Structure formats: C-alpha cells, structure tokens
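Peer 1: Handing you this structure, nothing more for now.
Residue numbers (this note's numbering): 14 to 305.
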C-alpha cells in the first residue's frame, strides 16, 4: 500500500514495501522531484539499505567463524514493513526480524523508519533496536534518486553537484567483478567554487564512493546555479553518488558504513565503519531532503 501526506509545499508518498519513498512532489513548482522508477533504467525510487550497504566481498560475511550469504544492499528494500503511525505530517514504518531474515542475518531486531514533513524539508529518521541477546553489527544507508533534469528542456550535463565548503573530494570506484570498493586506488573530484558539472560520463564506472565524512551536505543545482534539491546528512561517514549512464536521475546516498573493500575476508566486527549495537540498545540517525 502507498501512504501519502502533504503540506502547503510538498506531497510525499511512501510504500509499505521496503518503506520506500516513492514520490516527493513539489507543489510550488508543480513537478516531481523523485525518480519514478522507470525499469528501462532503474526500477527503484529510494530504497533503504539494511543490514548491509552495497555488497560483501563474494557476497559473504563472517561472524565468530561462521559464514553467511548476503545480497547487495540487504533485505529491507524487498521486505514488507508495517505502517504503525500516520499523522498529518509524518509516516512511520516498522520491520521486525523473522525466520526468513535470520537465514542471512542471524539477529533479532526492529527497524523503524519515520518520514516527517516540515515546510520544504523532509526528515528521514532510522531507528534500529537490538532485540537479541548478542551484539549485532550492521550498516545502513539511503539511496534516493532525484529527477535530473528537473525541467523538460534542460540537459543533465548542465546541472551541478555542490558540496558546501569543499575545494576537492577523494573518491573510490567499485570493482566491476565483485561490486566492492577498490580502496587502494583513490581518485580526485576537482571542484570550482565547491561544485562540479554532472559530466556525461561521470558514472560510466558505476558509483563514486566517498569516505571519511567528506560529504555532510550535497546539493543538485539547476543550470543557472540555483539550488534544486539539497540533502543534509550530518555525521555520516560514507557517501555514494550514482546514476545509470544516460538515465535522467542522480542518486545522493548518505551511508552509515558501506560495501566491503575488494578482497576483504575478515570478520564483520573488523569492517570499517560498522555499527555496533549491544542487546537492548538503540541506534538513531536521520538525514534531511530540502526541495528549493
């Protein structure tokens, strides 16, 4: 089922399936901001990535000497959530562990996702509760795709990505064979006045992966340099920017942890930026989407 709420400026819709945001409609400018999942390019809008962002090396992870098989971006995006609360300004969804989830992720947990509208802003809050007797480990991330170009006669390569306060950024590419990060071959994204054009071939080698908390706020700018959409994600250590080459969307992806490095065969406890949650503890993190 699709749930919809709105205020004077925005109307959003979220599906019970994956608790996935399916629409951000800008009522002021009369346009859809979120990618509408045309399967010719990419069949999703804004999946929630849990309990793993990206892929484990060889799609396998280890804990206490036991190996588990995982799939890219985890199972939350393909799970049915329960909508537990609807108000005039918010929607809340919950996913609980099951016999099925425990086959690939052997923990008891609850994942709660709340979408809250505040004028031109959409706040997305994740809450993870460890309902297990063991310490649990996970990564979690966002993957919203924004319509670029936003207007019919615009060209995507005339749009800019803007990063507040930055002169350049360091990023990694993904290994095509394993979908994991080539961590020993960093690249530089050069910026002019904190921004760069969305170049025609920017995503020919898949996503750009940014570590070390480099990106706390990212904006997509219209061809005239005015802001179109901004994503603020304070305190997130990892970030992805991605599109399908030639597709009319760009994803801004704040992550709490990311895919494995290529060749990583250690225990999950040894993984960089892994989130650790002891029994009965709660993890809370949020990010904001601003439509200009």
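Here a beta-carbon is modelled for each residue, glycine too, at the ideal position from N, C-alpha and C.
Being a predicted model, the structure only gives us computed values, none of them experimental.
From residue 60 to residue 91, what distance separates their C-alpha atoms?
Peer 2: A straight line joining the alpha-carbon of residue 60 with that of residue 91 spans about 9 Å.
Peer 1: Out of curiosity, what's the CA-to-CA distance linking residue 109 and residue 213?
Peer 2: 41 Å
Peer 1: Could you tell me which residues DSSP puts in a beta bridge with residue 249?
Peer 2: Answer by DSSP bridge pairing: none, since residue 249 is not bridged.
Peer 1: Locate the alpha helix (DSSP H) running through residue 117, then write down its first and last residues.
Peer 2: 114-117
Peer 1: Under a three-way DSSP split, which group does residue 90 fall into?
Peer 2: helix
Peer 1: For the beta strand (DSSP E) containing residue 200, list its first residue and its last residue.
Peer 2: Annotation for residue 200: the continuous beta strand (DSSP E) segment containing it runs 200-203.
Peer 1: Which residue comes first and which comes last in the beta strand (DSSP E) that contains residue 272?
Peer 2: No beta strand (DSSP E) contains residue 272, which DSSP labels as neither H nor E.
Peer 1: Please report the straight-line C-alpha distance between residue 156 and residue 266, rounded to a whole angstrom.
Peer 2: Taking the straight line joining both Cα atoms gives about 5 Å.
Peer 1: For residue 200, does the count of other Cβ atoms within 10 angstroms reach 16, so buried, or fall short, so exposed?
Peer 2: Using a 10 angstroms sphere on the CB of residue 200, the tally of other CB atoms stays under 16, which defines it as exposed.
Peer 1: Tell me whether the region 230-237 and the region 180-197 touch, counting them as touching only if at least three CB pairs, one residue from each stretch, are closer than 8 Å.
Peer 2: no
Peer 1: Using CA coordinates, which residue listed in 122, 238, 207 and 277 is at the minimum distance from residue 170?
Peer 2: The candidate whose alpha carbon is nearest that of residue 170 is 238.
Peer 1: Whole angstroms are fine: how far does the CA of residue 161 sit from the CA of residue 256?
Peer 2: 10 Å
Peer 1: Less than 8 Å between the CB atoms is what I'm expecting for residue 159 and residue 262, so what's the real figure, rounded?
Peer 2: 6 Å
Peer 1: Looking at the structure shown, is residue 72 part of a helix, part of a strand, or coil, going by DSSP?
Peer 2: helix
Peer 1: Tell me which residues share the same chain as residue 79 and place their Cβ nearer than 6 Å to its Cβ, disregarding the 5 neighbours each side in the sequence.
Peer 2: none
Peer 1: Would the beta-carbon of residue 193 fall within 9 Å of that of residue 30?
Peer 2: no
Peer 1: The beta strand (DSSP E) with residue 154 in it runs from where to where?
Peer 2: Where residue 154 is concerned, the enclosing beta strand (DSSP E) stretches over 153-155.
Peer 1: Buried or exposed: where does residue 183 fall if 16 or more other Cβ atoms within 10 Å of its Cβ makes it buried?
Peer 2: exposed
Peer 1: Could you spell out the range, first to last residue, of the beta strand (DSSP E) harbouring residue 190?
Peer 2: Residue 190 -> no beta strand (DSSP E), and no H or E assigned at all.
Peer 1: Hey, how far is the Cα of residue 293 from the Cα of residue 123?
Peer 2: 11 Å
Peer 1: Look at residue 134 and residue 17 and say whether their C-beta atoms are less than 9 Å apart.
Peer 2: Note that the C-beta distance between residue 134 and residue 17 is not below 9 Å.
Peer 1: Quick check on this structure: which residue in 218, 245 and 85 has the alpha carbon closest to the alpha carbon of residue 175?
Peer 2: 245
Peer 1: By the DSSP assignment, the beta strand (DSSP E) with residue 40 in it spans what residues?
Peer 2: Taken as a continuous stretch (DSSP letters only), residue 40 belongs to no beta strand (DSSP E), as it is neither H nor E.
Peer 1: Since residue 19 sits in a beta bridge, which residues does DSSP pair it with?
Peer 2: In DSSP, residue 19 forms a bridge with 24.
Peer 1: Using only CA atoms, which one of 96, 22, 55 and 52 lies nearest to residue 44?
Peer 2: Distance from the Cα of residue 44 is smallest, within the candidate group 96, 22, 55 and 52, for 22.
Peer 1: Report the three-state DSSP secondary structure of residue 97 (helix, strand or coil).
Peer 2: strand
Peer 1: Quick one, which of 273, 249 and 280 has its alpha-carbon nearest residue 301's?
Peer 2: Minimum Cα-Cα distance from residue 301 among the listed residues 273, 249 and 280 corresponds to 249.
Peer 1: Beta-carbon separation of residue 275 and residue 222 under 9 Å?
Peer 2: no
Peer 1: Assuming the contact rule is C-beta atoms closer than 8 Å, residue 202 and residue 173 should be a hit. Round their C-beta distance to whole Å, please.
Peer 2: Not a contact, Cβ separation roughly 12 Å.
Peer 1: By how many angstroms is the C-alpha of residue 288 removed from the C-alpha of residue 252?
Peer 2: Approximately 15 Å between the Cα atoms of the pair.
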